[in-house]
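Residue numbers for the sequence shown follow my numbering, beginning at 210 and rising by one. Report on the following structure.
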Amino acid sequence: QSYEFDGQALTVSGEYTAVFQTTAGCDSTVVLDLDVVPSITANISAAICQGQSYEFNGQQLDVEGIYEAAFISSGGCDSIVTLNLAVNPTPAVEISAAICQGGSYEFDGDLLTDPGEYTAIFQTAEGCDSTVILTLTVNPAPTTEIAAAICQGEEYIFDGNPLTVGGQYTATFQTAEGCDSTVILTLTVNPAPTTQLAAQICEGQSYEFDGQALTVSGEYTA
Numbered sequence: 210q211s212y213e214f215d216g217q218a219l220t221v222s223g224e225y226t227a228v229f230q231t232t233a234g235c236d237s238t239v240v241l242d243l244d245v246v247p248s249i250t251a252n253i254s255a256a257i258c259q260g261q262s263y264e265f266n267g268q269q270l271d272v273e274g275i276y277e278a279a280f281i282s283s284g285g286c287d288s289i290v291t292l293n294l295a296v297n298p299t300p301a302v303e304i305s306a307a308i309c310q311g312g313s314y315e316f317d318g319d320l321l322t323d324p325g326e327y328t329a330i331f332q333t334a335e336g337c338d339s340t341v342i343l344t345l346t347v348n349p350a351p352t353t354e355i356a357a358a359i360c361q362g363e364e365y366i367f368d369g370n371p372l373t374v375g376g377q378y379t380a381t382f383q384t385a386e387g388c389d390s391t392v393i394l395t396l397t398v399n400p401a402p403t404t405q406l407a408a409q410i411c412e413g414q415s416y417e418f419d420g421q422a423l424t425v426s427g428e429y430t431a
């Protein structure tokens, strides 16, 4: 602003003197003490979370940006306030996880054992809500029972081992999802029976046995 004094537009603080004439023709000295009060400029920064609002100069602001407002200071001058408003996001994050049957998954302080969708709210470094959505899959850990039979004297390969004795055997394998798969084998060993035969021939005759023509007394095995 400026102050009009003795034909001048004054803008600087100071003491100014002017001489005027009175109605009687005498000099009249006027001394002006001019004070220039500064107009205040202030910069402020603020941050809100997405979905919130910030009150400034009578307005509810929810969009990031720079805003200005003029106020009247105690000296009656304009005071300009500039607001730099930041809007921090409230992200939603989707994650997937898988466990094996019988296992558990820790999420938001809970141990989860059932498949499904779970939601938890955490806080970001800026103090805003962050929603995490978990899709949990529970892969099976199957148990399979098989039966096999061999003849006495034979062997059955199971889990890399040659088995010759009947009984129940257990082995654990891994599925494609990395879970334990239990296989229970019931092995039967069938006997190889021995049959004794007795035969009699006359001298000069032969006895056909296992593709042979026998003519001499004795014990033969086939």
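We treat Cβ as the ideally placed atom computed from N, Cα and C, and that holds for glycine.
Start-to-end residues for the beta strand (DSSP E) that takes in residue i
i	result
Gly376	Gly376 to Gln383
Leu372	Asn370 to Leu372
Ala407	Counting along the chain, Ala407 falls outside any beta strand (DSSP E), and DSSP gives it neither H nor E.
Gln433	It is not possible to answer for residue 433, since the shown part of the chain is limited to 210 through 431.
Thr250	Thr250 to Cys258
Ala334	Where Ala334 is concerned, there is no enclosing beta strand (DSSP E), given that its DSSP letter is neither H nor E.
Cys360	Thr352 to Cys360
Cys309	Ala301 to Cys309
Tyr365	Tyr365 to Phe367
Tyr429	Unbroken run through Tyr429: none, as it is neither H nor E.
Proximity winner among the options, relative to residue i (alpha-carbon distances)
i	options	result
Pro324	Thr344, Asp338, Ser339 and Cys337	Thr344
Glu363	Thr397, Gly274 and Gly223	Thr397
Tyr212	Ile275, Gly318 and Leu241	Leu241
Tyr276	Ile253, Ala380 and Ile304	Ile253
Pro349	Gln310, Gln377 and Val374	Gln310
Ala357	Asp338, Ala255, Tyr378 and Pro351	Tyr378
Thr238	Thr403, Asp215, Ser426 and Gly375	Asp215
Gly376	Leu394, Asp368 and Tyr429	Leu394
Ser222	Gln210, Asp236, Leu243 and Thr231	Leu243
Integer Cβ distance of residue i from residue j, believed to fall under 8 angstroms
i	j	result
Thr333	Ile342	The pair is not a contact, with the Cβ atoms about 16 angstroms apart (cut-off 8 angstroms).
Ser248	Cys286	5 angstroms
Leu292	Ala255	6 angstroms
Self-check item: Cβ contact (3+ pairs, closer than 8 angstroms) linking the region 259-278 and the region 306-318
Solution: no
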